[in-house]
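Colleague:
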């Protein structure tokens, strides 16, 4: 699925990437795919945990394709938050 919203949170540490994800998700309708780019090692655990808490779907993670550091996490907003 192609993300409709991109958040580049590289260089920001926990909890800032999750706060940005939460804010973005609250503004989107159900079915929106958000891509969060983060180089915070905690994001690997925090993003799936946030999805479980917020009833969002964790679509997976992949390396960034721009040659930079970090991972791209894809999340689908499942319901109005």
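Numbering (our numbering), first residue to last: 383 to 463.
Where a beta carbon is used, it is the ideal one built from N, C-alpha and C, also for glycine.
Near residue 392, what residues of its chain come up, given a Cβ to Cβ distance below 7 Å and the 5 sequence neighbours on each side ignored?
Modeller: 419, 420, 421, 450, 451, 452
Colleague: Where DSSP assigns a beta bridge to residue 387, which residues make up the other side?
Modeller: Note: residue 387 sits in a beta bridge opposite 416.
Colleague: So what does DSSP say about residue 429, is it helix, strand or coil?
Modeller: Reduced to three states, the DSSP call for residue 429 is helix.
Colleague: So the candidates are 448, 440, 445, 424; which of them puts its Cα closest to the Cα of residue 459?
Modeller: 440
Colleague: Among all the DSSP beta bridges, which residues are the ones paired with residue 443?
Modeller: 455
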